[in-house]
Amino acid sequence: MATIQKAQEAVAIPAEVAREPKPRKLTWTPYAFMLPSAILVILFFFIPALILFYISMTNQSSANFSNPDFIGLQNFKTILNDRFVGKIFQNTVFYVVMTLTFFNVGLALIISLVTTHIERRAGIFFRTIWMLPRLTPSVVYIMMWKRIAAGPPFGILNQFLAPFGFEGVNWLSAQGNPWLFVILSNGFIGASFGMIIFTSAIESIPKELMRAALVDGASILQRIRYVILPELRWPLLFVVTYQSLSLLTSFELIWLLTDGGPGLYRTEVWALTAYKRALANYFGNAQWGYASAWAVFLVIIGVILAVVYMRYFRFNELVEEPKIEVL
Amino acid sequence: MEVVLRNLTKKFGQVVAVDHINLEIRSGEFVAFLGPSGCGKTTTLLMVAGIYKPTEGEILFDGRLMNKVPPQQRNVGMVFQSYALYPHMTAFQNMAFPLKLAGMSQMMQAERVKRVADMMGIGHLLDRKPGELSGGQQQRVALGRALVKEPDLLLFDEPLSNLDARLRLVMRGEIKRLQHELGITSIYVTHDQVEAMTMADRIAVINEGKLQAFDTPDDLYDRPKTLFIAGFVGNPPMNFFTVSIRRENGDYFAESEGGLRVKVPSERAEKALAGGLEQVIMGIRPEDIQMDESGTSENKGPVFSVEPLGRDDLIDVHIGPDSVFLLVDPLKRVRLDDIVHLEFDTAKVQFFDPETGKSLLWT
Chain A
238 MATIQKAQEA VAIPAEVARE PKPRKLTWTP YAFMLPSAIL VILFFFIPAL ILFYISMTNQ
298 SSANFSNPDF IGLQNFKTIL NDRFVGKIFQ NTVFYVVMTL TFFNVGLALI ISLVTTHIER
358 RAGIFFRTIW MLPRLTPSVV YIMMWKRIAA GPPFGILNQF LAPFGFEGVN WLSAQGNPWL
418 FVILSNGFIG ASFGMIIFTS AIESIPKELM RAALVDGASI LQRIRYVILP ELRWPLLFVV
478 TYQSLSLLTS FELIWLLTDG GPGLYRTEVW ALTAYKRALA NYFGNAQWGY ASAWAVFLVI
538 IGVILAVVYM RYFRFNELVE EPKIEVL
Chain B
18 MEVVLRNLTK KFGQVVAVDH INLEIRSGEF VAFLGPSGCG KTTTLLMVAG IYKPTEGEIL
78 FDGRLMNKVP PQQRNVGMVF QSYALYPHMT AFQNMAFPLK LAGMSQMMQA ERVKRVADMM
138 GIGHLLDRKP GELSGGQQQR VALGRALVKE PDLLLFDEPL SNLDARLRLV MRGEIKRLQH
198 ELGITSIYVT HDQVEAMTMA DRIAVINEGK LQAFDTPDDL YDRPKTLFIA GFVGNPPMNF
258 FTVSIRRENG DYFAESEGGL RVKVPSERAE KALAGGLEQV IMGIRPEDIQ MDESGTSENK
318 GPVFSVEPLG RDDLIDVHIG PDSVFLLVDP LKRVRLDDIV HLEFDTAKVQ FFDPETGKSL
378 LWT
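Chains as they are written, first to last, in our numbering: chain A, 238 to 564; chain B, 18 to 380.
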């Protein structure tokens with residue numbers, strides 16, 4: 238049998254076709270295709286990053302705008318000696334990890350799983366609603382959260398809790414729970430990104446695979462555990478990577494909601510500090526050099542994380558892996 | 018296990034996919050659901066598996082009503098067209114999956130999987146993932162996964178459609194042999210009438226959601242109850258002609274408007290005439306038509322097409338507006354536009370009512 242098969246294969250493939258292709262000449266075509274994105278990356282990432290590195294080693298500020306002094310690593314020393322740098326670093330890690338885990342991945346996954354297992358139109362309707370905050374201007378969105386969290390006699394949350402004998406508190410104050418609201422407000426928007434990715438991935442799992450699992454005796458939780466989640470490996474890694482990097486540099490909702498407060502740096506994150514030093518200084522003295530040094534940390538952490546994700550999760554392999562050969 | 022379908026119906030919105038199907042499948046029987054694409058045969062199968070809920074009607078396993086029993090508790094094994102192997106699991110893990118879900122110990126799992134894998138001839142492939150297996154090997158793993166839990170009922174959903182012709186032939190024999198040896202009641206969905214004819218004990222022909230017939234392959238072939246069955250079963254398909262039947266000197270002749278004229282057995286002709294129809298549809302299989310080399314037959318016409326099939330050539334002879342397909346020996350070297358004379362063996366001729374499509378010979 239095997240020999241017959243071999244013989245047939247040998248007949249089927251003419252020798253010229255089967256032979257290894259010759260090493261091709263270097264052509265410019267692939268580079269031409271890469272050019273547009275290369276221009277964008279160079280223009281909007283590499284050049285600004287280089288400028289940032291340079292500015293971070295100067296004392297440029299609104300006082301000496303055109304004539305800054307080169308001061309080496311002085312700014313970085315200042316940052317590391319800052320009383321609050323540890324606090325801000327912890328805040329940033331806390332904020333990224335919590336939002337990512339519970340909302341951008343966790344909640345997104347739950348919404349995707351639920352809305353793909355209910356009636357199709359109801360699922361689409363629910364996901365559409367969940368997208369709305371993303372389309373709402375950030376300022377309006379945060380104003381609504383502020384109304385929800387506001388202290389007595391206004392806060393919507395307090396109104397709901399009042400019948401249970403709750404006295405009411407300004408949730409964004411030190412007596413409330415500002416972190417909860419920072420994470421909720423970011424997470425509700427952030428979840429919609431993962432939701433779209435996960436939903437399309439779940440819906441692209443072949444129907445027959447789910448049917449096979451049903452016949453094999455898998456309950457709904459077992460189907461999620463053994464069939465759906467393994468199929469979501471790539472989308473999960475993509476969302477974790479993409480969202481952790483974007484959370485690391487996001488600050489606008491925190492800035493609008495708590496402005497890093499209450500008190501000293503309760504909810505201040507790294508990117509917000511950099512922004513404030515550069516562009517929103519209370520005294521009108523924008524310290525561009527110093528702020529750039531803060532931002533340099535973010536660039537370095539971001540690049541390191543990206544490399545780690547690529548290596549550790551073997552991104553290349555995952556991208557190349559044929560999803561299902563038999564279709 | 019005995020399977021009974023009673024008035025089984027499935028509607029998707031306004032569309033009736035399965036329309037009041039009644040079937041009784043005996044224990045250990047191999048039944049094929051045969052029909053064209055979209056006829057409702059897979060929908061019926063999925064209802065038996067418990068994946069679709071019937072809109073109406075009942076499914077009984079050994080007399081027990083199964084309508085509300087979830088698929089997990091039906092103890093059925095299923096083989097899919099796309100194999101539906103879990104891509105991230107090895108062949109072993111795929112086959113052990115139903116056992117693992119049933120809470121069987123690791124040792125028992127390994128033992129059962131090993132035994133089935135050896136039976137299927139895939140014992141050496143167990144640590145490979147589906148992506149590293151050929152189509153035929155994947156299909157064997159899928160079959161192994163269905164068998165490993167020792168099901169009461171095996172369901173096949175066009176399991177061989179994705180395989181190449183040669184492998185299909187091999188697997189066809191293997192599945193039939195395996196089913197025979199294990200004696201597990203089986204339902205096999207296919208649109209390939211050769212598969213159904215060669216494998217099944219009985220065939221349920223389904224068209225537009227309705228059960229057309231439920232008979233042994235021989236009965237379907239020799240005694241088709243409807244025009245649809247006559248045309249669907251058999252390859253190449255039966256020839257049909259619109260004819261009127263006349264009696265001359267005690268013999269009966271079927272004549273088409275295009276000039277075809279053949280003598281038909283009186284017993285069948287009388288049945289065809291009994292309904293008082295002016296015109297009936299006559300069916301004759303290609304293998305019952307021969308080339309008349311003496312050239313005396315009055316039925317003659319030009320050859321319109323010649324399709325070499327290897328063992329035979331399938332030729333299409335035009336007699337007036339009628340097309341007659343028959344098989345001839347390739348050595349006869351029939352060419353296009355040759356005028357050939359045809360001889361009809363009408364012992365197995367079929368007659369149908371042109372209005373209802375029902376057979377005038379069999380009920």
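Using N, Cα and C, we set each Cβ at its ideal position, and we do this for glycine too.
| field | According to DSSP, residues forming a beta bridge with Val297 of chain B | value | In the second sequence, the residue the question calls residue 297 of chain B occupies position 280. Its beta-bridge partners are B:Val260.
| message | Going by beta-carbon coordinates alone, are Asp355 of chain B and Gly226 of chain B separated by less than 8 Å? | response | Taking the first residue of the second sequence as 1, we reach residue 355 of chain B at position 338. Taking the first residue of the second sequence as 1, we reach residue 226 of chain B at position 209. Contact: no.
| said: Looking at chain B, is there any beta carbon in it that lies within less than 8 Å of the beta carbon of Gly392 of chain A? | reply: Here the question's residue 392 of chain A lines up with position 155 in the first sequence. Taking Cβ atoms only, chain B never reaches closer than 8 Å to Gly392 of chain A, which makes this a no.
| task | Have a look at the DSSP bridge pairing and note the partners of Gln307 of chain B. | result | Taking the first residue of the second sequence as 1, we reach residue 307 of chain B at position 290. Partner(s): B:Glu360.
| said: Against chain B, with Cβ distances strictly below 8 Å, would Pro389 of chain A count as a contact? | reply: The residue given as residue 389 of chain A occupies position 152 in the first sequence. Answer no: the Cβ-Cβ gap between Pro389 of chain A and chain B never drops below 8 Å.
| Within 10 angstroms of its Cβ, does Pro338 of chain B collect 16 or more other Cβ (buried), or is it exposed? | Translated into positions along the second sequence, residue 338 of chain B becomes position 321. Per the 10 Å Cβ criterion, exposed.
| said: Let's test the definition: count the other Cβ atoms within 10 Å of the Cβ of Thr60 of chain B and tell me whether it reaches 16, buried, or not, exposed. | reply: Reading the second sequence from its first residue, position 43 is the one you call residue 60 of chain B. With 16 or more Cβ atoms within 10 Å of its Cβ, Thr60 of chain B is classed as buried.
| said: Taking the straight line between their C-alpha atoms, what separation do you get for Phe109 of chain B and Ala101 of chain B? | reply: The residue given as residue 109 of chain B occupies position 92 in the second sequence. The residue given as residue 101 of chain B occupies position 84 in the second sequence. Near 15 Å, if we compare the C-alpha coordinates of Ala101 of chain B and Phe109 of chain B.
| query | Span of the alpha helix (DSSP H) holding Glu198 of chain B? | reply | Sequence index remark: in the second sequence, residue 198 of chain B carries index 181 (1-based). Looking at the DSSP string, the run of the alpha helix (DSSP H) that includes Glu198 of chain B is Ala182 to Leu199.
| query | Which bits of chain B does Leu446 of chain A rub up against, with CB to CB less than 9 Å? | reply | To locate residue 446 of chain A, count along the first sequence from 1; it is residue 209. Within chain B, Phe97, Ser99, Ala101, Leu102, Tyr103 and Pro104 have C-beta atoms less than 9 Å from the C-beta of Leu446 of chain A, given in sequence order.
| said: Between the segment 62-78 of chain B and the segment 231-239 of chain B, can you find at least three pairs of beta-carbon atoms closer than 8 Å? | reply: no
| query | Alpha carbon to alpha carbon, what distance is there between Thr233 of chain B and Met238 of chain A? | reply | By one-based count along the first sequence, residue 238 of chain A stands at place 1. By one-based count along the second sequence, residue 233 of chain B stands at place 216. Residue confidence for Met238 of chain A is low, a pLDDT of 44 falling below 50, so the modelled location carries little weight and cannot support an answer.
| said: Please report whether the beta-carbon of Val48 of chain B lies at a distance below 8 Å from any beta-carbon of chain A. | reply: Within the second sequence, the letter at position 31 stands for residue 48 of chain B. With 8 Å as the cut-off, Val48 of chain B does not count as an interface residue toward chain A.
| said: Mapping the DSSP letters down to three states, classify His141 of chain B as helix, strand or coil. | reply: If you number the second sequence from 1, residue 141 of chain B lands on position 124. His141 of chain B: helix per DSSP, three-state reduction.
| Can you check whether the CB of Gly526 of chain A is closer than 8 Å to the CB of Asn296 of chain A? | For the purposes of this step, residue 296 of chain A is taken as residue 59 along the first sequence, with counting starting at 1. For the purposes of this step, residue 526 of chain A is taken as residue 289 along the first sequence, with counting starting at 1. Going by C-beta atoms, Asn296 of chain A is nearer than 8 Å to Gly526 of chain A.
| Among B:Arg162, B:Glu324, B:Lys349 and B:Lys365, nearest to Phe97 of chain B - alpha-carbon criterion | In the second sequence, residue 97 of chain B corresponds to position 80, counting from 1. For Phe97 of chain B, the nearest C-alpha among the options comes from B:Arg162.
| task | Give a yes or no on whether the minimum CB-CB distance between Gly134 of chain B and chain A is below 8 Å. | result | Working through the second sequence from its first residue, we reach residue 134 of chain B at position 117. The sequence given here places Ala at residue 134 of chain B; Gly does not occur at that position. Output row for Ala134 of chain B: interface = no.
| request: Verify whether the separation of the beta carbon atoms of Ala34 of chain B and Ala213 of chain B is less than 8 Å. | output: By one-based count along the second sequence, residue 34 of chain B stands at place 17. By one-based count along the second sequence, residue 213 of chain B stands at place 196. No, they are not a contact pair.
| query | For Ile461 of chain A versus Leu350 of chain A, is the C-beta spacing smaller than 8 Å? | reply | Here residue 461 of chain A refers to the residue found at position 224 of the first sequence. Here residue 350 of chain A refers to the residue found at position 113 of the first sequence. Yes, the Cβ-Cβ distance between Ile461 of chain A and Leu350 of chain A is below 8 Å.
| Where the beta strand (DSSP E) containing Leu51 of chain B begins and where it ends | Position 34 of the second sequence, counted from the start, is the residue given in the question as residue 51 of chain B. Phe47 to Leu51 is the extent of the beta strand (DSSP E) around Leu51 of chain B.
| query | With respect to 7 Å, is the separation between the Cβ of Pro415 of chain A and the closest non-hydrogen atom of the ligand NAD below this value? | reply | Questions concerning the ligand NAD fall outside what the structure shown contains, since it holds no ligand whatsoever.
| message | Check whether chain A comes within 8 Å of Pro241 of chain B, counting only Cβ atoms and requiring the distance to be less than that. | response | Translated into positions along the second sequence, residue 241 of chain B becomes position 224. No, because no Cβ of chain A sits closer than 8 Å to the Cβ of Pro241 of chain B.
| query | So Ser429 of chain A is in the alpha helix (DSSP H); what residue range does that whole segment cover? | reply | Within the first sequence, numbered from 1, the residue matching residue 429 of chain A stands at position 192. First-last of the alpha helix (DSSP H) with Ser429 of chain A: Pro415 to Glu440.
| Closer than 8 Å, CB to CB, is Gln89 of chain B near chain A or not? | By 1-based counting over the second sequence, the position of residue 89 of chain B is 72. At least one chain A Cβ lies under 8 Å of Gln89 of chain B.
| task | Taking only beta-carbon positions, decide if Pro71 of chain B is within less than 8 Å of chain A. | result | As a working mapping, residue 71 of chain B is identified with position 54 in the second sequence. Closer than 8 Å: no.
| query | With DSSP run on the structure shown, which of helix, strand or coil describes Ile68 of chain B? | reply | Here residue 68 of chain B corresponds to residue number 51 of the second sequence, with the count starting at 1. DSSP places Ile68 of chain B in coil when its eight states are reduced to three.
| request: Return no unless some Cβ of chain A is closer than 8 Å to the Cβ of Ala108 of chain B. | output: Taking the first residue of the second sequence as 1, we reach residue 108 of chain B at position 91. Cβ-Cβ to chain A under 8 Å: no for Ala108 of chain B.
| field | CB contact below 8 Å: Gly454 of chain A versus chain B | value | Taking the first sequence and counting its residues from 1, one reaches residue 454 of chain A at position 217. Judged by the 8 Å Cβ criterion, Gly454 of chain A is in contact with chain B.
| Gly362 of chain A - DSSP class collapsed to helix/strand/coil | The sequence position of residue 362 of chain A within the first sequence is 125, counting from 1. Contrary to the premise, residue 362 of chain A reads as Phe rather than Gly in this sequence. Three-state result, Phe362 of chain A: helix.
| What first and last residue would you give for the alpha helix (DSSP H) that runs through Arg162 of chain B? | Numbered from its first residue, the second sequence carries residue 162 of chain B at position 145. Note, Arg162 of chain B: alpha helix (DSSP H), Gly152 to Val165.
| task | Specify the secondary structure class of Asn266 of chain B as computed by DSSP and reduced to three states. | result | Mapped onto the second sequence, residue 266 of chain B falls at position 249. DSSP places Asn266 of chain B in coil when its eight states are reduced to three.
| field | Close-in-space but distant-in-sequence residues of the same chain around Pro88 of chain B (CB under 8 Å, 5 per side omitted) | value | For the purposes of this step, residue 88 of chain B is identified with residue 71 of the second sequence, where counting begins at 1. The residues are Ala66, Gly67 and Ile68.
| query | To the nearest angstrom, how far is it from the Cα of Phe565 of chain A to the Cα of Phe282 of chain A? | reply | Only positions 238 to 564 of chain A appear in the structure, and residue 565 of chain A is not among them; the question remains open.
| said: Please identify the residue among B:Val351, B:Ala271 and B:Ser283 whose C-alpha is closest to the C-alpha of Asn316 of chain B. | reply: Numbered from its first residue, the second sequence carries residue 316 of chain B at position 299. When each option's Cα is compared against that of Asn316 of chain B, the closest is B:Ala271.
| request: Could you have a look at Lys375 of chain B and say whether DSSP puts it in helix, strand or coil? | output: For the purposes of this step, residue 375 of chain B is identified with residue 358 of the second sequence, where counting begins at 1. Strand, per DSSP.
| task | Mind checking the segment 453-473 of chain A against chain B and listing, in chain order, the residues whose C-beta falls within less than 8 Å of any C-beta there? | result | Asp453, Gly454, Ala455, Ser456, Gln459, Tyr463, Val464, Pro467, Glu468 and Arg470
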